[in-house]
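>
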Amino acid sequence: MSVTQYNKDGVENLDNLKAWLELRQFGYLFLAECFLIEPTASWSAFYKGHAALAGLCDYSGMSTAYDFVRAKLDALAISADEVEQSAKIFERLYDAPCEDAAPPWESVYVGEGDTLMNAVTLSVLQDYHTSGYHYRFDQHQPCDHIGLELLFLSQLAQDAIAAVTELDYSALYHLLERQQHFITKHLCAFAEAFAKQTASVEGAAWYAAVAELMTCFVMHDKDRLDIFIDKNTDNRSHMHPDKHDVLRAEKQFVIPFDGIKRFVVYCKSESIDSVKKTVVVAGINNCGGACSLNVDVQMGKVLNISPNTSLSAAHTKACVRGNAYRNSFLNHKRIKYPMLRVGDRGDGNYKRITWDEAITLIAEKMTSIKAAYGAESRYVNYATGVSALMRGNALAKRLLILDGGCLNYHNSYSTACIAGATPYTFGNKLSGHSPDDYIHSELIILWGHNPAATIFGHESMVMLQAAKAKGTKIIVIDPRMTETAVALADEWVPIKPTTDGALIDAMAYTIVEAGLHDQAFLDRYCIGFDGLHMPEGSKNAENYRDYLFGVYDGQRKTPAWAAAITGLDESVIHRLAMDYAKTKPAALIQGYGPQRNANGEQIVRGCNMLACLTGNVGKIGGSSGGGLYLRYNLPIMMPEIENPVKESIPCFLWTDAIERAADMTSASDGIMGAHQLKAPIKMIFNLAGNILINQHSDINRTIKLLKDPSKVEFIVCSDLFMTPSTRFADLILPGTSMFEGENIRAPWGGGNYLLYVNQCIEPLFECRFEYDWLTEVAERLNLKEAFTLGAPNMTEQLQRAYEVLRTKESELPTFDVFKREGGYVYQTVKHVIAYREQIESFETHPFETPSGKIELYSPRLDSGGDIPAIPKYTPAFEGPQDPQTEKYPYQLVGWHSKRRTHSTHDHNLWLDGVEDQQLWIHPEDARQLMIVGGETVEIYNDRGCVRVPAYVTERIARGVVGMAQGGWYRPDSKGTDLRGAMNVLTTSRPTPLVKGNPQHSNLVAVRRCGIQI
Ligand code: SF4
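Numbering-wise (my numbering), the sequence shown opens with residue 578 and increments by one.
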């Protein structure tokens, strides 16, 4: 179209066009404000807005849909109550992380769905730029927000008005064309979907009407603009709006308010960085994979994720969760700004506050609670949502220590029993072999180890597959036929949970009875196997061999004896024992599943004993029967500072330290650093963690405890999403995702590489990494210098920690290379064999136990305390021999799902298809309960009730039911969980010795839904 075509129609028509454009400018501005500014910020503006809508509806040049909308608006008759409620409705619709929301971003409705800052967002930004505009918004709001898109149209209209005034027809045509293009490409489908979503939200009638009007407005303008810029139009009379209508509309139309202009700027762009770049990051959640990943980023938008094969070509492969990272972490349900609780704890009512207010409040509470109850009353909860060098919980603890101290914790929820009990046998917990050793084994027994799902470093599955290909026999012992069993096992041994010790005893009995045990190994390296090798002063105590042969209790620990306990066939136990004794070398590898039982310590010690019995310890291709802790390289660490508070609780007992701190002692509760606690917990920092509710046992007990604000007085949570835990915070702070900051990540168990997480995009909304806001809290407390050690930012902190490590690990490259490459794989081949040094040079390298030998009998446990001194089977509470089985006959176990990393990703519904949240139950058990696959069942005990569909399968042992752990607790009005949060059913009673979490030992009953007992 040429300039003259407009010109030909004369000045009068241009006047009409100008008036039409003014109406568009005002209309888009008004609609933009409706979706960007909470109306009760100014009640009068709210009413003006209503009047302005009426004005727009009066514009008769539009379609009859406007009349419909207007009628609707008139019928709404906004009451004072509704105005009062409107702030809440606005927040629920557009800002707060609510389930029933109308996300105002185009990217959520188009293309990939749910994900912010993606290719759709990029295309919006590119269109802003192509039109010659640069966009700035001081709250890191994604540019495809409906309000910002409308505002952009308003800006185009405003500039078109100027072009008309200046008779710059070329510019005018360009601007009209850009409007038409933008509406067609972005707003038509988006506006319709957005309006539909808004209409579906209960109580959002006013906004639904505005959204509907906006849709009509957009559609109408698209048609009009089509005509205006039609190059070959024969009906130029339609090019212009009816003069009278325009004038009538102009007369009635009132500009409602222009608050947006305060914080959104569209200006002429100077330079456009449109180059796509690849940024190397790493998974930082508590996943055993620790993968290096490439992220394609363009103009601040995250377009794609793929494996970074340059570091370790053979083993790097993003799993299904990694491929869904964008949808998980850039999800529109993000917490967007600080929020302060306004209702009762757990009710989920919050109001938005500023960062400044939040920081002031934290500093005040730290000070006042310390003054009232002592520094010991402040606690940083166990959290692994960020499992990297810089993590909020460690940083918060650092600040509290600088401010006078805080209560410590020891243990972990992952490995309490294996880390705590292994040293009783071997002197330290480093009982693992590096995966490259698997290929040397002739037999591998994976005892509760499922690396196909937990990943456990890049090499675990790769090396197991290589061993299998070479001909190594693989046996999986697990109540469930896991993904690893399906992929690799020659035999699956479906044991009942907690009965592993009975199987171990029967295997030992069978081996010793057949004379297949390695007596020379036992004699040389061990104490406590038989009466001839008991530690001094314990000669008359139980030794393991005599225990096996019934010397003390008259019961030989035969396969028949164990079969009755474990649910396994006698012949299976016998064959397993023979295989293990006769195949050399053989690796018995413990996962972290069995040690999470109520008798976890004894299972750990029993597996260690079996490895000694067969002489596999310290041998290539063998194993210590231990876990997966090993030391390749030195760990990277932040500088340590000493906590003036010495008391430390087992992390699993934090709820006890709220409820009964005065009763907790070192003897009864594993308190370390002091005989007993000085104060109950009164303040909790729960940063990037879901232990506060979801991942701790007995959710209903914790809820009852936290609901009472006289117990814990102040809870701060920082997270990306409104998890079950953040719902119990007094103050919620919006955290950043792996895309929005830098960090350093090491793999589980000290694997042979180190990864760098580069920053891909600026933090979304008002989100901040904990380091930033803790620095500001430190400043309020005059501790900034001590907290930051003078470092200007977190990257500098990371570099300093790296340089310290580099002085000890000389092969590490410079920091710049490390950062640029996204990490480093150690080139020095380190083939780790646990306790090899002790076995090969025993005289000069004794074990780190008090005796210097492997202590199958532990003198440290022989005072009649929590567990016996020898590694014999001890029936567990909530095991199959517990009398409670009368009432609750099924054993419930959990596992790590492929669709989550612990509880991370549960909100990401894309991943639901990977693994359904359901109750696994054996066909025989299902038949007895008249349950058919797919029907909803209730699993319950005295602690609560969970309702999920049943999955009837032979892949689970009889008498055992199971569900993947980590589903986010979602109760109905009666408190029945509907998501499969298994911690509703788990016990908070700790394991006997190390006070660990026995979250696989739970007795439950199962019923068809609706059938009452
Ligand atoms: S979730 Fe774990 S295994 Fe999957 S990509 Fe991330 S780090 Fe790797």
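All residues carry an ideal CB built from backbone N, CA and C; glycine is no exception. Because the structure is a prediction, the values reported are computed rather than measured.
Roughly how many angstroms separate the alpha carbons of Gln1167 and Gly1144, rounded to a whole number?
Near 20 Å, if we compare the C-alpha coordinates of Gly1144 and Gln1167.
> My output table needs one value for Thr931: the three-state DSSP class, helix, strand or coil.
In this structure, Thr931 counts as coil in the three-state DSSP scheme.
> For Pro1286, which residues from the same chain have a beta carbon less than 7 Å from its beta carbon, with the 5 sequence-adjacent residues on both sides left out?
Cβ within range, chain order: Arg922.
> In the structure shown, what three-state DSSP assignment does Ser1418 receive?
DSSP places Ser1418 in coil when its eight states are reduced to three.
> Which residues end up in the neighbourhood of the ligand SF4 when you take C-beta atoms closer than 5 Å to any of its heavy atoms?
Taken from the N-terminal end onward, the list reads Gly860, Cys864, Gly866, Cys868, Ala895, Cys896, Arg898, Gly899 and Ile1032.
> Within its chain, find whatever has a CB closer than 8 Å to the CB of Cys1536; leave out the 5 residues flanking it on each side and keep chain order.
Sequence inspection shows Gly at residue 1536; the Cys mentioned does not correspond to that position. Cβ within range, chain order: Lys1073, Gly1144, Pro1457, Pro1466, Tyr1467, Gln1468, His1499 and Asp1502.
> Quick one: is Thr931 near chain D, going by C-beta distance under 8 Å?
The question asks about chain D, but that chain is absent: this structure has only one protein chain.
> By Cβ distance, which residues of its chain are closer than 8 Å to Asp1146, with the 5 residues on each side in sequence left out?
Excluding positions up to five away in sequence, the list reads Ala1140.
> Could you tell me the distance, in whole angstroms, from the CA atom of Asn1174 to the CA atom of Phe1392?
The alpha-carbon atoms of Asn1174 and Phe1392 are separated by roughly 43 Å.
> On the DSSP letters alone, give me the boundaries of the alpha helix (DSSP H) that Asn900 sits inside.
Taken as a continuous stretch (DSSP letters only), the alpha helix (DSSP H) holding Asn900 covers Val897 to Asn900.
> Where does Asn1193 fall in DSSP's three states?
Three-state DSSP puts Asn1193 in coil, outside helix and strand.
> For the region 958-1031, which segments carrying the alpha helix (DSSP H) assignment without a break, of at least 4 residues, lie completely within its bounds, in sequence order?
You should have 969-979, 993-1003 and 1028-1031.
> Any idea if Ser1314 is buried or exposed, counting beta-carbon neighbours within 10 angstroms, 16 or more meaning buried?
Classification of Ser1314: buried, given that the 10 Å Cβ count is 16 or more.
> Assign Gln1336 to buried or exposed, taking buried as 16 or more other Cβ atoms, counted over all protein chains shown, within 10 Å of its Cβ.
Gln1336 should be labelled buried.
> Kindly indicate which residue of Asp704, Gly1114 and Ser731 has the alpha-carbon position closest to the one of Cys720.
Nearest of Asp704, Gly1114 and Ser731 to Cys720, Cα basis: Asp704.
> Is the beta carbon of Pro1567 less than 8 Å from the beta carbon of Asp1443?
No, they are not a contact pair.
> Between Gly1177 and Pro1575, how many whole angstroms is the CB-CB distance? I'm expecting something under 8 Å.
That belief holds up - the Cβ atoms of Gly1177 and Pro1575 are roughly 7 Å apart, short of 8 Å.
> What is the DSSP secondary structure of Trp1545, counted as helix, strand or coil?
In this structure, Trp1545 counts as coil in the three-state DSSP scheme.
> Counting only runs that start and end within the region 1438-1495, where is the beta strand (DSSP E) found for 3 or more residues in a row?
Fully enclosed beta strand (DSSP E) runs of 3 or longer: 1467-1473.
> Please classify Ser684 as buried or exposed, where buried requires at least 16 other C-beta atoms within 10 Å of its C-beta.
Counting Cβ neighbours within 10 Å, Ser684 comes out buried, since at least 16 surround it.
> By alpha-carbon positions, which one of Arg1057, Lys1407 and Lys1385 ends up nearest to Ala1534?
Closest option to Ala1534, Cα to Cα, is Arg1057.
> Considering only the alpha carbon of each residue, which of Ile930, Leu1190 and Arg955 lies closest to Lys942?
Measuring from the Cα of Lys942, the nearest candidate turns out to be Arg955.
> Determine which residues share a DSSP beta bridge with Thr1513 and list them.
DSSP, once it has assigned bridges, lists Pro1526 as partnering Thr1513.
> Is the beta carbon of Leu966 sitting closer than 8 Å to the one on Ile1213?
It is a contact, given that the beta carbons lie within the stated cut-off.
> Measuring only the C-alpha atoms, how far is Leu1187 from Ala1085?
Near 7 Å, if we compare the C-alpha coordinates of Ala1085 and Leu1187.
> For the beta strand (DSSP E) that contains Thr855, what are its first and last residues?
Where Thr855 is concerned, the enclosing beta strand (DSSP E) stretches over Lys854 to Ala859.
> Name the two residues that bound the continuous alpha helix (DSSP H) containing Phe1262.
No alpha helix (DSSP H) contains Phe1262, which is instead part of the beta strand (DSSP E) from Met1260 to Leu1264.
> For Ala1062, collect the residues of the same chain with a Cβ closer than 7 Å to its Cβ; drop the 5 residues on either side in sequence, then sort them by chain order.
The answer, listed in chain order, is Val1053, Asp1055 and Trp1069.
> Looking at Ile882: is its Cβ nearer than 8 Å to the Cβ of Val872?
Yes, the pair counts as a contact, with Cβ atoms nearer than the cut-off.
> So who's on the other strand from Thr1242, going by DSSP bridges?
BP columns for Thr1242 point to Gln1253.
> Would the region 1078-1094 count as touching the region 1120-1140 if we require 3 or more Cβ pairs under 8 Å?
Result yes; three or more Cβ-Cβ pairs closer than 8 Å.
> List the residues that DSSP assigns as beta-bridge partners of Ser869.
For Ser869, which the question treats as bridged, DSSP gives the partners Ala859.
> Which class does Lys1050 belong to by DSSP, given the choice of helix, strand or coil?
Strand, per DSSP.
> Around the Cβ of Asn1117, are there at least 16 other Cβ atoms within 10 angstroms (buried) or fewer (exposed)?
Asn1117 should be labelled exposed.
> For the pair the region 1540-1550 and the region 1239-1250, tell me if three or more CB-CB distances fall below 8 Å.
No, they do not touch.
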